[in-house]
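To start, the structure under review is shown below, and the notes come after it.
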Amino acid sequence: MSDDCPAPPRARRTVCWVKMQPVELPLRTRVAAMAGRAIADASRWVGAGEGSVIGGRVTLAIDQRALELMAAGHQSVVVSGTNGKTTTNRLLAAALASRGPVSTNSAGANLIPGLVSSLFRGRAGAAVSLEVDEGHLAEAVAAVHPTAVVLLNLSRDQLDRFGEVRRHAADWRLALAASPATVVVANADDPLVTWAAGACQPATNGDRCGVTWVGTGQRWRADASACPNCGSRIRWSDDRSERGGVHWACSSCPLARPRPDAWLEGSDLVLADGRRFDIRLQLPGRVNVSNAAMAVAGAMALGVDPARAVRAMSRVRAVAGRYQVLNVSGSRVRLLLAKNPAGWAEALDLIRPPPTPVVIGINAGVADGRDPSWLWDVPFERLRGRVVVATGDRGRDLSVRLRYADVVHSYEHDYRKAVALAATGSGAKQPEIDFVANYTSFQDARRALTSSG
Amino acid sequence: MTEPVSIALLYPELLGTYGDGGNATVLAQRLRWRNIPAKVIDVHAGEPIPGGCQIYVMGGGEDAPQALAAQELRAGSALVDAVEGGAAVLAVCAGLQVLGQRFAGQDGKSHLGLGLLDCETHRDDGPRRIGEVVVAPDAELGLPDLTGYENHGGVTTLGPTARPLGQVVVGHGNAGGDGSEGIVNGRVVGTYLHGPVLARNPALADHLLSSVLGPLDPIDDPEVDALRKERLHAARHPHMHMPQLSSGWRRLLRGN
Ligand SMILES: [Zn+2]
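Below you can see the structure in the form of C-alpha cells.
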C-alpha cells in the first residue's frame, strides 16, 4: 500500500434498518446444507466433537457458494480481530437475541466451514452473528456481504508474527473497500485497525456506509509502534486524553486516532449524542467492558436499541468455557484463556489479587504455534510473590521463564495435581484458583478438570 | 557503588520477533543472582547506540525491519567501536545476518552488513527452516550441547576466516551445506537458535558474560536443566513428542 492515509470517513450514525426479504435457496445449496448438517450430527453423535467444521466442509464441497447463498437475505454482523472475538460475538449475539432468532458460531469455529455450519439451522429472518478468524475476514466479507463488521484489534499471534499482522490489515482494507454498503465498527485505539477501517468510502447506494469509531481505551501498544501506513513511529501522547482514550498519531503521515462516536468512561458507554449506558457484566475485567462496548456499537448498527443490548449482555455468564468456574476437589477454579502477548497482558489484569493462587498452562500444539518463545514477551514479573504452578506440555519452558522473572513457583505436568498443588500452596480451606492457559492447554485443562476422578 | 554492567538491547521493535528480548533478561538476571548489578538498556530505532555497554544483544526480525536495522547500524560506527573496545555481541537470526558482510533482502537485493562476522547470507527457493535444533559446539568453547529453535529462510555461508559456533546434530543451522551452525569471531557470537537461546543454554550466557567480566561463580539451574533434558530429548526423538493421535484427530475434527 503506498497510497496516502485517507482522512477517516465521517461517521454516520443514522442506521436505516431495511427489512430483509427471505431468499429461496437453490436446490443445490439446500442439498449441500442437508448433507453437511447430517455429517455434523453424525460426527457429534460418535463423540468426535462439535462436527461443525467437517459439516461445513461437506457443504462447501457440494456447493462452493453455500456461505454466500445461505447468508443472503439475513441481517448479519461479522466480528474479527486477534483477541476478544469469541467473547464479543457472544455478547453481540445476546444483544441480537433480545429481538429475535440469531444464528451464530458460538463455539468459536471461525474459519469458512465453521461459518457455513452455523447457518445450517438458521431460521428465516434470523440475524447472523459470526466470529471470523482475522486471516479470513476478507473472504468472509466477500461472501457474506455483512450489514456490519466489528473490528476489535490486531496484534501478533504465535502463528503469525509482525509481517502477517500488517498483511491482515491490508487485506481488511481491500475487502472493506470492496464492500461499501457494510457499516464498519472499529476500535479507534488500535492504529492497525484504524488504518484498515479507513478504507470504507462513503457509499454510493444509500447512506449506510460509514465507520463508527469506538474508543475502547485499549492499552496494548507493543505491536503498534510502527505506522501501518508509512512505517514511521506512532506517538502516544500521555497527557492528551480525549473521549475515553489517549490520543495517538503517526509522526510523519496523517494517520491518527479518529474522534470516537462512542467511548468508555469507566464502565459507562457514552454516545456522541450524550446518552450513557452503564455496562455491567458478569464477565470479569476491563477488557470485557471494551469488548462489550464494541458489541453494543455492532448491535446498534443492526438496529438494536443500545439500552436493550446492554441489558441482554449483562446476562452472559461464560463464553465457550472461559470464565467458567469449576469445582475441583473442593477448590473453585476459574478458567481464563490467553493466546498471545497482548492476550496475556489482559489476562494478568484479570486474575484476582493475591492470595489467589495462579495455575498457568502452556502447550505448543499446532493451534498454539509450535514455538513458545513468545513467553519472553509476557510480563510474568507481575506474578512475583504469589503462589504459582506451571503446567502443560511446555510447562518446563514456562518454568524457566518464571525463574528468570524471579517468580517462585512449582511445576506439575498433571492438570489436576497442579490445581491440588495450588490449593495446598494457598493454605485456604476452600481456595479460589485462577487457571490461565493458552489455546490447546485451555481445552486440555477443561477436559481434565471436568472429568471426574 | 560499582557501576552496573550495561546490556544494550538493540532495536527491540525491529529485531524482537521471537522473544529475543529474553536474552538480555537472562544475561542481566544471571549477573544479579551473583550480586553483580546489571541493567538492560533498550535502544530504539532512530536513537544513537550508546558506547560503553559491555554486551550488545540483537534478535530476529522480518525482512523490512531487518533492512531498516542494518541501515541504522551502518549509519554510525558505535557498535564496531564498542567491539573493538572489548564489548561482546550476541546476534540471533536476522541479527547474525546483519552483522555479516552481506545479506539478501525480501526483494532479492543484496544489502551491506556490518562486517563484524565473516559470512554472507542469501536465499534459496526451499521452505523456511523451522524446528528444534541441537548443536555440538566448537570444542574450544568448552560448552555443553546447545538446544534451540530455528525459523529462518536464509542460507549463510562462512568466509575463510570464520569459525562456526558448532556443528548441527539436529536441524539446519547455517544451511550452507557444511553442517555448521552460527559463527564466532572473538566476543561476537551469531546464531540461528532462538527460544530464546540463552534461556535454554545458560552456559553460553555465562560464556558471553565471562568474555567481558572474567571468571564467574557457578549457578544452580534446576529449572533449566529439566527443560534442557526435555528439549534435547524432543529434538532427537520428535515422534515421541507429537500430540497423541487420538486427541490430534479430535482436534482436527473440531477444527482447532
Ligand atoms: Zn504514518
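Same order as they appear, the protein sequences are chains A and B. In short: position in the first sequence from 1, add 200, done, that's the numbering used here. In short: position in the second sequence from 1, add 133, done, that's the numbering used here. Note that CB positions come from ideal geometry on N, CA and C, so glycine has one too.
Cut-off 6 Å between Cβ atoms - residues of its own chain near residue 464 of chain A, not counting five sequence neighbours on either side: Position 264 of the first sequence, counted from the first residue, corresponds to residue 464 of chain A. Excluding residues up to 5 positions away in sequence, 417, 444, 493 lie with their Cβ nearer than 6 Å to the Cβ of residue 464 of chain A in the same chain.
Those runs of the beta strand (DSSP E) which lie wholly inside the stretch 148-206 of chain B and span at least 3 residues: For secondary structure counted as the beta strand (DSSP E) over 3 or more consecutive residues, the stretch 148-206 of chain B holds these complete runs in sequence order: 171-176, 188-191.
Check: residue 201 of chain B C-beta below 7 Å from any heavy atom of ligand 1: Taking the first residue of the second sequence as 1, we reach residue 201 of chain B at position 68. Residue 201 of chain B Cβ: outside cutoff for every heavy atom of ligand 1.
Own chain, CB closer than 6 Å to residue 230 of chain B, minus 5 neighbours either side, in chain order: One-based indexing of the second sequence puts residue 230 of chain B at position 97. Counting only Cβ-Cβ distances below 6 Å, and skipping sequence neighbours, we find 236, 254, 287.
Close-in-space but distant-in-sequence residues of the same chain around residue 572 of chain A (CB under 7 Å, 5 per side omitted): Looking up residue 572 of chain A in the first sequence gives position 372. Shown here for residue 572 of chain A: same chain residues with a beta carbon closer than 7 Å to its own, the five before and five after excluded, namely 562, 564, 594, 597 in chain order.
Cβ contact (3+ pairs, closer than 8 Å) linking the stretch 166-177 of chain B and the stretch 213-222 of chain B: With a cut-off of 8 Å, the stretch 213-222 of chain B and the stretch 166-177 of chain B do not count as touching, because too few Cβ pairs lie within range.
Beta-carbon gap between residue 583 of chain A and residue 619 of chain A smaller than 8 Å: Along the first sequence, read from residue 1 onward, the residue named residue 583 of chain A stands at position 383. Along the first sequence, read from residue 1 onward, the residue named residue 619 of chain A stands at position 419. No, they are not a contact pair.
Cβ of residue 225 of chain B within 8 Å of any chain A Cβ: For this step, residue 225 of chain B is matched to residue 92 along the second sequence. Residue 225 of chain B does not count as touching chain A.
Buried versus exposed call for residue 352 of chain B [16 or more other C-beta atoms within 10 Å across all chains shown]: Your numbering for residue 352 of chain B matches position 219 in the second sequence. When all chains shown are included, residue 352 of chain B counts as exposed.
Span separating the alpha-carbon of residue 376 of chain A from that of residue 202 of chain B: Mapped onto the first sequence, residue 376 of chain A falls at position 176. Mapped onto the second sequence, residue 202 of chain B falls at position 69. Each residue's Cα considered, the two are about 33 Å apart.
Interface flag, residue 328 of chain B vs chain A, CB-CB below 8 Å: Residue mapping note: residue 328 of chain B aligns to position 195 of the second sequence, counting from 1. Judged by the 8 Å Cβ criterion, residue 328 of chain B is in contact with chain A.
Per-residue burial, residue 310 of chain A [other beta carbons within 10 Å of its own, 16 or more giving buried]: Position 110 of the first sequence, counting from 1, holds the residue named residue 310 of chain A. Burial call: buried.
Limits of the beta strand (DSSP E) - the one that residue 468 of chain A falls within: Working through the first sequence from its first residue, we reach residue 468 of chain A at position 268. First-last of the beta strand (DSSP E) with residue 468 of chain A: 468-471.
CB contact flag (residue 271 of chain B, residue 317 of chain B, <8 Å): Position 138 of the second sequence holds residue 271 of chain B. Position 184 of the second sequence holds residue 317 of chain B. Against a cut-off of 8 Å, the Cβ pair of residue 317 of chain B and residue 271 of chain B comes out as a contact.
Between the CA atoms of residue 253 of chain A and residue 200 of chain B - distance to the nearest angstrom: The sequence position of residue 200 of chain B within the second sequence is 67, counting from 1. The sequence position of residue 253 of chain A within the first sequence is 53, counting from 1. Rounded to the nearest whole angstrom, the C-alpha separation of residue 200 of chain B and residue 253 of chain A is 41 Å.
Backbone CA spacing between residue 275 of chain A and residue 550 of chain A [nearest angstrom]: Within the first sequence, residue 275 of chain A is the residue found at index 75, counting from 1. Within the first sequence, residue 550 of chain A is the residue found at index 350, counting from 1. If you draw a straight line from the Cα of residue 275 of chain A to the Cα of residue 550 of chain A, it comes to about 34 Å.
When A:240, A:241, A:267 are compared against residue 228 of chain A, the one with the closest alpha-carbon: Position 28 of the first sequence, counted from the first residue, corresponds to residue 228 of chain A. For the residues A:240, A:241, A:267, the minimum Cα distance to residue 228 of chain A belongs to A:267.
Residues bridged to residue 449 of chain A [DSSP beta-bridge criterion]: As a position in the first sequence, residue 449 of chain A is number 249, starting the count at 1. Its beta-bridge partners are A:435, A:456.
Pick from A:609, A:319, A:645 that is closest to residue 535 of chain A, judged by C-alpha positions: Counting from one through the first sequence, the residue named residue 535 of chain A turns up at place 335. Nearest C-alpha to residue 535 of chain A among A:609, A:319, A:645: A:645.
Under the three-state DSSP convention, the category residue 478 of chain A falls into: What you label residue 478 of chain A is simply residue 278 of the first sequence in a count that begins at 1. The answer is strand: DSSP assigns residue 478 of chain A an E or B state.
With 16 other Cβ atoms within 10 Å as the buried cut-off, status of residue 428 of chain A: In the first sequence, counting from the first residue as 1, residue 428 of chain A sits at position 228. Residue environment for residue 428 of chain A: buried (at least 16 other C-beta atoms within 10 angstroms of its C-beta).
Residue environment, residue 245 of chain A, which counts as buried when at least 16 other CB atoms sit within 10 Å: Here residue 245 of chain A corresponds to residue number 45 of the first sequence, with the count starting at 1. With fewer than 16 other Cβ atoms within 10 Å, it is exposed.
Local conformation of residue 609 of chain A per DSSP, three classes: Taking the first residue of the first sequence as 1, we reach residue 609 of chain A at position 409. Here residue 609 of chain A sits in coil by DSSP.
Distance, residue 233 of chain B Cα to residue 404 of chain A Cα: The residue you call residue 404 of chain A lines up with position 204 of the first sequence. The residue you call residue 233 of chain B lines up with position 100 of the second sequence. Unreliable positioning characterises residue 404 of chain A in this predicted model, as indicated by a pLDDT of 40, which lies under 50. The coordinate reading is nonetheless provided below. Residue 404 of chain A and residue 233 of chain B: Cα-Cα distance of roughly 54 Å.
Spatial distance of residue 320 of chain A from residue 278 of chain A (CA atoms): Along the first sequence, one-based indexing puts residue 320 of chain A at 120. Along the first sequence, one-based indexing puts residue 278 of chain A at 78. Rounded to the nearest whole angstrom, the C-alpha separation of residue 320 of chain A and residue 278 of chain A is 17 Å.
For residue 359 of chain B, the first and last residue of its enclosing alpha helix (DSSP H): The residue labelled residue 359 of chain B in the question sits at position 226 within the second sequence. Where residue 359 of chain B is concerned, the enclosing alpha helix (DSSP H) stretches over 355-369.
Presumed contact (8 Å Cβ cut-off) between residue 501 of chain A and residue 411 of chain A, rounded CB distance: Counting from 1 along the first sequence, the entry for residue 501 of chain A is found at position 301. Counting from 1 along the first sequence, the entry for residue 411 of chain A is found at position 211. Under the criterion of beta carbons closer than 8 Å, residue 501 of chain A and residue 411 of chain A do not qualify as touching, at roughly 10 Å.
For residue 624 of chain A, the nearest candidate out of A:600, A:556, A:509, A:602 (CA to CA): Looking up residue 624 of chain A in the first sequence gives position 424. Taking the Cα of residue 624 of chain A as reference, the smallest distance to any Cα among A:600, A:556, A:509, A:602 is reached at A:556.
Cross-chain neighbours of residue 189 of chain B in chain A, by beta carbon under 8 Å: Walking along the second sequence from the start, residue 189 of chain B turns up at place 56. Within chain A, not a single residue places a beta-carbon under 8 Å from that of residue 189 of chain B; the smallest gap is close to 18 Å.
Residue 580 of chain A: first and last residue of the uninterrupted alpha helix (DSSP H) it sits in: Along the first sequence, one-based indexing puts residue 580 of chain A at 380. Element bounds for residue 580 of chain A: n/a, residue is neither H nor E.
Proximity test, residue 450 of chain A beta-carbon vs ligand 1 heavy atom, cut-off 7 Å: Counted from its first residue, the first sequence places residue 450 of chain A at position 250. Yes.
Endpoints, the alpha helix (DSSP H) within which residue 244 of chain B is located: Taking the first residue of the second sequence as position 1, residue 244 of chain B is located at position 111. Per DSSP, residue 244 of chain B belongs to no alpha helix (DSSP H); it is in the beta strand (DSSP E), 243-245.
Closer than 8 Å to chain B by CB, residue 426 of chain A: The residue labelled residue 426 of chain A in the question sits at position 226 within the first sequence. It does; some Cβ of chain B falls within 8 Å.
Any C-beta of chain A under 8 Å from that of residue 162 of chain B: Here residue 162 of chain B corresponds to residue number 29 of the second sequence, with the count starting at 1. Chain A contact via Cβ: present.
Distance between residue 150 of chain B and residue 401 of chain A (C-alpha atoms, nearest Å): Counted from its first residue, the first sequence places residue 401 of chain A at position 201. Counted from its first residue, the second sequence places residue 150 of chain B at position 17. Confidence is the limiting factor: at residue 401 of chain A the pLDDT is only 46, short of 50, which leaves the residue's position unreliable, though a coordinate-based value still follows. In a straight line, the C-alpha of residue 401 of chain A is about 34 Å away from that of residue 150 of chain B.
Per-residue burial, residue 331 of chain A [other beta carbons within 10 Å of its own, 16 or more giving buried]: If you number the first sequence from 1, residue 331 of chain A lands on position 131. In summary, residue 331 of chain A is buried, with 16 or more beta-carbon neighbours lying within 10 Å of its beta-carbon over all protein chains present.
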